[in-house]
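Okay, so the sequence shown: first residue is 324 according to the numbering used here, each after it adds one.
Cβ atoms here follow ideal geometry from the backbone N, Cα and C, with glycine treated the same way.
Notes for the one structure printed next.
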Amino acid sequence: MVQKLTVRDDATGLYGNYTPTVESLGAASAGKIPALDDTGRHHVSTMPVGFGADVYTATASEALSAGDFVNSFSDSGVFSVRKADNSNGRPAHGFVLTAYTAATTATVQLLGETNTALTGLTIGATYHLGTAGGVIDTPLSNDDTGKIGQVLGFATSATELITQPGLPTVL
Numbered sequence: 324m325v326q327k328l329t330v331r332d333d334a335t336g337l338y339g340n341y342t343p344t345v346e347s348l349g350a351a352s353a354g355k356i357p358a359l360d361d362t363g364r365h366h367v368s369t370m371p372v373g374f375g376a377d378v379y380t381a382t383a384s385e386a387l388s389a390g391d392f393v394n395s396f397s398d399s400g401v402f403s404v405r406k407a408d409n410s411n412g413r414p415a416h417g418f419v420l421t422a423y424t425a426a427t428t429a430t431v432q433l434l435g436e437t438n439t440a441l442t443g444l445t446i447g448a449t450y451h452l453g454t455a456g457g458v459i460d461t462p463l464s465n466d467d468t469g470k471i472g473q474v475l476g477f478a479t480s481a482t483e484l485i486t487q488p489g490l491p492t493v494l
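See below:
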């Protein structure tokens, strides 16, 4: 839980409680005081470009769960993300570490970072793009015509997948 601060409002001169931000919303968060997240660290979105994990922000076009792999696209001219899916032409471009509701700004980790929001992984196993933002531990076969085969990375624990930017292949 983020602690509150007492701050003075420059416009009114009155003092009130302020909750520091855990996650940056880009330019809309300029000048805000950052707080540590529930892991006791600064959220990667609050770090300067080139320091820490590589991330970008985009509008979630649907509800996303923590750990989901996402596909970036233009939704009527708005840079957006949705769940990546091997069955409908949506390769993974990154993943999210927290849940987001539709129409909110999502912070997306680029492939090459570690997805720490998964469960049930087998240590040492290689994982591939599944459906609805998920992963599978068995590669698709040539019988899966029209689906996307994409290696996502390998598990170092039951909850961590070190992602590797793999090129998607339409079977």
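Whole-angstrom C-beta distance between residue j and residue i, which should lie under 8 Å
i: Leu-434; j: Gly-457; result: Not really, about 15 Å apart at Cβ, beyond 8 Å.
i: Ala-386; j: Thr-442; result: Not really, about 18 Å apart at Cβ, beyond 8 Å.
i: Thr-362; j: Lys-355; result: Wrong, their Cβ atoms sit about 20 Å apart, outside the cutoff.
i: Leu-494; j: Gly-469; result: 7 Å
For residue j and residue i, the rounded distance between their alpha carbons
i: Asp-360; j: His-366; result: 6 Å
i: Glu-483; j: Gly-336; result: 47 Å
i: Ser-395; j: Lys-327; result: 35 Å
i: Val-314; j: Gly-349; result: Outside the displayed range of the chain (324 to 494) lies residue 314, so it cannot be described from this structure.
i: Ala-426; j: Ala-478; result: 31 Å
i: Ser-397; j: Ala-429; result: 15 Å
i: Thr-380; j: His-451; result: 24 Å
i: Gly-453; j: Asn-409; result: 6 Å
i: Val-474; j: Gly-339; result: 50 Å
i: Gln-487; j: Asp-332; result: 46 Å
i: Ile-485; j: Met-370; result: 20 Å
i: Thr-492; j: Val-378; result: 24 Å
i: Thr-437; j: Ala-383; result: 21 Å
i: Thr-421; j: Gln-432; result: 11 Å
For residue i, the three-state DSSP class (helix, strand or coil)
i: Ala-350; result: helix
i: Ser-410; result: coil
i: Val-345; result: coil
i: Ser-368; result: helix
i: Val-431; result: strand
i: Asn-465; result: coil
i: Val-393; result: strand
i: Gly-489; result: coil
i: Gly-453; result: coil
i: Gly-363; result: coil
Residue from the options whose Cα sits closest to the Cα of residue i
i: Arg-413; options: Leu-490, Thr-439, Tyr-379, Ala-389; result: Leu-490
i: Leu-444; options: Thr-461, Asp-398, Met-370, Ala-407; result: Thr-461
i: Ala-455; options: Gly-390, Thr-430, Ser-397, Thr-492; result: Gly-390
i: Phe-392; options: Ser-347, Thr-362, Val-401, Tyr-423; result: Tyr-423
i: Asn-411; options: Gly-476, Val-325, Ile-471, Gly-339; result: Ile-471
i: Ala-440; options: Ser-384, Ala-448, Gly-447, Val-419; result: Val-419
i: Tyr-341; options: Ala-351, Ser-347, Pro-357; result: Pro-357
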